[in-house]
Amino acid sequence: MTISSGGPSANSASPVVEMRGIVKRFPLVLANDHVDFTIYRGEVHALLGENGAGKTTLMNILYGIYQPDEGVIRVRGVPQHIRSPRDAIRLGIGMVHQDFRLIESHTVVENVFLNHPRLGLLPDWRALEEELRVIIEGYGWSIDPKSRVGALSPGEKQQVELLKLLVRGAEILLLDEPTSVLTPIESRMLFRTLRRMADEGKSIVLITHKLNEAMSISDRVTVMRRGRVVLTKLTGETSIEELSNAMIGANANMAGAQPPLEGARARELLLSVKGLRVMGDKGVLAVKGVDLDVYSGEILGIAGVSGNGQVELVEAITGIRKPLSGKILFRGVDVTGASPRRLMELGVTYIPPEGRKWGVVPELTIYENVALRVARYPPYSSRLGLIRWRNIMEMARRVVSEFKVEAGSIHSRVSTLSGGNVQRLILGRELETTKPALLVAAYPTKGLDIAATEQIRRLLISLREGGIGVLLVSEDIDEVLELSDRVAVMFDGRVVGILGRDEASPEHIGAMMSRGAPLHAAT
Amino acid sequence: MQEAVAFAETLLSSAVAAGTIYLLAAVGESITERSGVINLGIEGIMALGAITSFLLTLAYGHVAALLCAAALGAAVGLVHAFLTVSLRLNQVVVGLAVTWLGLGLSGFVGAPEVARSVLESLNPAVPGQLAELKQAPRLQEVGIAPLIHLPILGRAFFAQNTMVYFGLASAVVVWVILFKTRWGLSLRSVGENPALADSSGINVFLVRYAATIVGSAFAGLAGAYLFIGYQPFWVENLTRSRGFIALSLVILASWSPLRIIGAALLFGALEALQFRVPLRGLGAETPQLVMMLPYVITVLTLMAVSLATRGRIPAPAALGKPYTREE
Amino acid sequence: MQRRSGLMVGALGIKLERRPELSRTWSVLVTLVFLGLAFLLSGAIFQLLGYSALEIYSAFVRTVLSQAMVEEIFRKSAPIILAAIGLSYSYRLNFWNIGAEGQLYMGMIASTGVVVLNYAGVLPGGPLLLFFTVAASALAGGVWSLIPAALRVRVGANEIITTLMLNYTAILLADYLVHGPWKDPAGYGFAQTIQFPPEARLAPPGTPEWAVFLAIASACAGATFFVFKYTVYGFESKVVGLNPYASRYAGIRSGSVIIKGVFVSGVLAGLAGLIVAGNLIGRLRPGASPGYGYHAIIAALLGGLNPPTVLLASLLFGMLLTSGDVLQASLQMPKAGVQIIIAMIFITTITAEFVKRNRIRVVRRRGGAV
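Protein chains in written order, with my numbering: chain A, 1322 to 1844; chain B, 562 to 888; chain C, 118 to 487.
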């Protein structure tokens, strides 16, 4: 799916932004290693790389969030010292981050014009709303400036973020992984908008780790790996393979690295979900009637843009959230509405998303976190309710060594661990202390570096080999395809379809994610 | 019928008079909380405002008293802001400490011997013994001529002293500022999402400092009004937890100054029933049980509000959380 | 945003950052320095208001060191110790229980009720009476604390306000009873109840009160220390206080953990009430507690919720209160003066926390070269 690209001719106008020799060091890592990066007028430039490649850091430097240790930045030919986002905005540079920086309870117009220099003491809100309407209609959008941001969809929220930049005269727009929260239809709409903006003479930098996107929307593409620029080319003059090699540094095949599922194996029905309806946080129904089965020795992947009820579904299955109606059976036992404690006792364990926030208590030590879920059971405590710290520490040592958690000692606080190590700790703890039959994992590799991501993926596969059932929620289509035996696609609180490995392809899944009709000619 | 109307008039009038205490404190606190800071110290600041207004009225008159009470409140607010915004200490603990300090200081200075010496040092021309009488002249009522003749409402709303008018006016003005102006938008954003406000170029620390200082100044005025406008007799524990009741009023009114007017009137009415309006029968026999009413009702209303919103209270999202600029 | 928290002057700047670990000696040193600062600041206030700080503090020291006063110090500290240790259960859970005073009053009311019933012949006397007073005061305090706990767990009602409101309700209730139905007919018209018979008091006649109190206080502190460190409840309550979501995920029923902890707080506060009504005063009367419950709050926070240090902090309060009485008698200093000192200690201690955990560093500003 390509959108026709106009793009500038390579040797046309002088570059609008030039970054030369940028070096940025953080305590443990060299994030940018003598990076050169150029942006031309009227182009869409994809900045491609894996998590941790340094692309976001580079753009953060351009936006004034960080200061480079070495290097020059020229904007429209003039060397600049961008000390803060305010400087950047004044230069016409704007950034849209992955996490939306909006105030949910305020309206669109209030968010867009927050602390805008033009805003008088008693602003004429109606005039401002009118102004926004003009821009909105110009791009073919449909948001109402008076509506509360909290009521908008992720795609619409992104439009509000763009409005914020446009209204401050941004000519250079930096977008950080913008499609990570969008459905395919919304992504297409975004690309149309970006193309129009480029045609108007604006410059767009698209930070992404998705090859397909980079190929389809950009005029030029730069690949970064481990802090260095590996490649900068006109998109028309390169290919997916070349980009992929540049990103990974080896001739690796991205999709389908898993050995095919073995033939008939004694399969036990572990989890059976029927007609499940679950309420979300905002008083809206998040899960609208889901049927699902998970067998032992398989990985069932749930694909879908985050925010379509996956987390609520998984929380209902693991007892954190009470379902409104429906049934959940584990090994034949009715566990609808059962507590996390009970489910854990029965053999269901949960790896929550953002493990750092929800799965551990960072202020506590490693061994205390290992005991987190099981402190009240033998052998970790006696019948009288006394904790056996010695047993806990032994188990902690075992988890740390077997799962390669890099830490000073088991007495270190978990707050000192990196994201990957926290995730390893959580996985290790769950597998060792609760010995589950069914593992439910939500976005387990999100935000992790490549090494940790690989390790966790391999771990999940090995669990499956060992006969454990895995319910995996992921927003990365490639990851879902790589790991799952079957793929269930969720959209708007419903399972739109369940595909086996052979039927599943990115296009197929993408189509299902967008409007729920299974076989749909890809556009 | 005549009697009922007279009773209603008296009740409403007393409710407005008493309610202004809560109104001033709560409006100030709503500003502070909208910026994300909870100031549990307003009880202590009210006490300080009361003792200040007592001694300063004797020394220099009402205007000086009000100005000093506000200034003192602002100064204490500055300390609170420093501890909670700059040093990022726990807001609950700091607020309680400030309240203790305020209550202790006002109790200390209110003791006859101390009051006397303070008064003498404030204004040697005034005889120190006046302080020992524990009284001060009241704020005069100022009627607003045409409106005072409205039935029932006339006497209630337009025959009060200037602080009452100030309280009502400030509630409206604060509402306008919060919801219609650029400053108010910035302030509310600081309370909802300080990181966003910061990256939008708003000085989060300055806003929170200002909001805390202004809110505390209001609390000081509330204490001053409590004494010279409402009950100009110095007793131990003059404030009687009204500051804390004001805190719950802010929650009840969903942080909106206009709704605070209504809530303050309600609680003013409760107070009036205790003291200003003669009760008959059961009430007279057991005054303590009637005095319990405001506290019990606060608990009940808080429970009702929490039940109604199911924990999804429309509080400013960042309320109570210190802000650190992340690298 | 390279504008870090701190000041930048030219190329150098002062930066505030967290200390990586806390050394014992530094911690203790800072605490002591700030404690001294508290006394200094209060002294300055007293000087300003016309009192000699020197006289006040020397009187304080004399009180603390005098043999006769030691007993009084223990007696006054006892209710604070109990209530403060109880509060550490609440605060550990991040449950801001301001209601110790009310729970203490309910303890007083309940135990007085037992005494009244005994006087009226409804309840038997003898050794059983002590059992009833203990049980009644403990239960009354516990139940009174359950109300805000339940409201918070079920409905999410802010516990600071509910506990505070219930304080006033309890105090007024006591007031009403003392002026009304429980007024001692032979009391010369004073608003007070009949006396507590000796067998209803915690320290039986013949034993030195201070020893009994010390024993009870140490037992409570020791038991609580053990619970916090070595029991499942202690661990789970720590988790609930630190991260409520993680505790839900961990399978901990945070609602029941909170209710249990707050109940214990109430029970201990109620028992403190028994000590006040039974031993310290000997009867119930208006203003029986000069704010023991509130002193307990500060003592608990001062002691960092750690039972042994909470005990020490409570003793400090006992010393301050005792000398406050002495100072009022000898120097005519209002008792509120002690409140000022206490508030100052409070403020400086929390500031000390900050100083302990952070340090100042001078940094060279790193700029982007042009």
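Glycine included, each C-beta is placed from N, C-alpha and C at the ideal position.
Mind listing the chain B neighbours of residue i? Cutoff is C-beta to C-beta under 7 angstroms, in chain order.
i	result
Ser1426(A)	Glu753
Asp292(C)	Gln849
Leu1440(A)	Arg743
Arg1407(A)	Gly762
Leu428(C)	Chain B residues near Leu428(C): none, gap ~20 angstroms exceeds 7 angstroms.
Arg1469(A)	The premise fails here: Arg1469(A) is roughly 12 angstroms from chain B at the closest Cβ pair, so nothing lies under 7 angstroms.
Under 7 angstroms Cβ-Cβ, which residues of chain C neighbour residue i?
i	result
Met1665(A)	Gly368
Glu674(B)	Gln449
Going by other Cβ atoms of all chains shown within 10 Å of its Cβ, with 16 needed for buried, is residue i buried or exposed?
i	result
Glu888(B)	Since pLDDT at Glu888(B) reaches only 40, below the 50 mark, its modelled position is unreliable, and the value read off the structure follows with that caveat. Its Cβ having fewer than 16 others within 10 Å, Glu888(B) is exposed.
Thr885(B)	exposed
Thr341(C)	buried
Asn722(B)	buried
Gly1577(A)	Residue placement at Gly1577(A) is flagged as unreliable, the pLDDT there being 40, under the threshold of 50; a coordinate-derived value is accordingly withheld.
Gln563(B)	exposed
Val675(B)	buried
Arg1516(A)	buried
Ala1696(A)	buried
Ala824(B)	buried
Leu694(B)	exposed
Glu1845(A)	In this structure chain A extends from 1322 to 1844, so residue 1845(A) is not present and cannot be described.
Thr613(B)	buried
Leu573(B)	buried
Phe568(B)	exposed
Val1337(A)	buried
Does any heavy atom of the ligand HEM sit closer than 7 angstroms to the C-beta of residue i?
i	result
Glu172(C)	Inclusion of the ligand HEM in the displayed structure is not the case, the ligand content being empty and no account of it being possible.
For a contact defined as C-beta to C-beta under 7 angstroms, what are the partners of residue i on chain A?
i	result
Lys741(B)	Leu1443
Tyr362(C)	Trp1679
Bridge partners of residue i, per DSSP?
i	result
Phe1651(A)	Leu1592(A) and Val1654(A)
Gly1818(A)	Val1810(A)
His1355(A)	Per DSSP, none; premise fails for His1355(A).
Ser1702(A)	Ile1708(A)
Leu1369(A)	Thr1529(A) and Val1544(A)
Leu1555(A)	Arg1541(A)
Applying a beta-carbon distance threshold of less than 9 angstroms, which residues of chain B neighbour residue i?
i	result
Glu1431(A)	Leu746, Arg749 and Ser750
Arg1541(A)	Near Arg1541(A) there are no residues of chain B at all, since even the closest Cβ is about 28 angstroms away, more than 9 angstroms.
Asn1436(A)	Arg743, Leu746, Ser747, Ser750, Ala758, Ser761, Gly762 and Ile763
Against residue i, what residues of chain C qualify as contacts under a CB-to-CB distance less than 9 angstroms, listed in chain order?
i	result
Tyr1671(A)	Tyr366
Tyr856(B)	Leu281, Met282, Leu283, Asn284, Tyr285, Thr286 and Leu289
Phe615(B)	The contacting residues do not exist; Phe615(B) stays about 15 angstroms from chain C at best.
So residue i contacts chain C; which residues on that side make the cut at Cβ distance below 8 angstroms?
i	result
Ala1696(A)	Val349, Phe352 and Glu353
Ala1607(A)	Here the premise fails: no neighbours, minimum Cβ distance about 17 angstroms.
Can you pull the chain B residues whose beta carbon is under 8 angstroms from the beta carbon of residue i, in chain order?
i	result
Thr491(C)	Chain C is shown from 118 up to 487; residue 491(C) falls before or after that span and cannot be answered.
List the residues of chain A whose Cβ lies closer than 9 angstroms to the Cβ of residue i, in chain order.
i	result
Leu359(C)	Val1682, Pro1683, Glu1684 and Leu1685
- Query: Taking a cut of 8 angstroms between CB atoms, which residues from the region 343-357 of chain C lie near chain A?
  - Reply: Closer than 8 angstroms at the C-beta level to chain A, one finds these residues of the region 343-357 of chain C: Tyr347, Thr348, Val349, Tyr350, Gly351, Phe352, Glu353, Lys355 and Val356.
- Hey, which unbroken runs of the alpha helix (DSSP H) at 4 residues or more fall wholly within the region 1461-1505 of chain A? 1475-1488
- Give the residues from the region 1702-1732 of chain A that approach chain C closer than 7 angstroms (Cβ to any Cβ), ordered along the chain. Ser1702, Gly1706, Leu1707 and Ile1708
- Query: Which of the residues in the region 1444-1465 of chain A, read from start to end, lie with their CB under 9 angstroms from any CB of chain C?
  - Reply: none
- Task: Identify every run of the alpha helix (DSSP H) within the region 1743-1803 of chain A, keeping only runs that are complete inside it and at least 4 residues long; order them along the chain.
- Result: 1771-1786
- Which residues, in chain order, does the region 802-821 of chain B contribute to contact with chain A at a C-beta distance below 9 angstroms? none
- Could you please tell me which residues of the region 858-869 of chain B, in chain order, have their CB closer than 7 angstroms to any CB of chain C? Across the region 858-869 of chain B, CB contacts with chain C closer than 7 angstroms involve Thr859, Val860, Leu863, Met864, Ser867 and Leu868, in sequence order along the chain.
- Message: Using a Cβ-Cβ cutoff of 8 angstroms, what residues of the region 760-775 of chain B are near chain A? List them in chain order.
- Response: Ser760, Ser761, Gly762 and Ile763
- In chain order, which continuous runs of the alpha helix (DSSP H) of length 4 or greater are located wholly inside the region 615-658 of chain B? If we require 4 residues or more, the alpha helix (DSSP H) runs fully inside the region 615-658 of chain B come out as 623-642.
- Note down, in chain order, all residues in the region 272-286 of chain C with a beta-carbon under 9 angstroms from any beta-carbon belonging to chain B. Val272, Gly273, Ala274, Asn275, Ile277, Ile278, Thr279, Leu281, Met282, Leu283, Asn284, Tyr285 and Thr286
- If you measure beta-carbon to beta-carbon, which residues of the region 1408-1422 of chain A are closer than 7 angstroms to chain B? Arg1422
- Task: Could I get the ranges of all uninterrupted beta strand (DSSP E) runs contained in the region 722-791 of chain B, with 3 residues as the minimum, in chain order?
- Result: none
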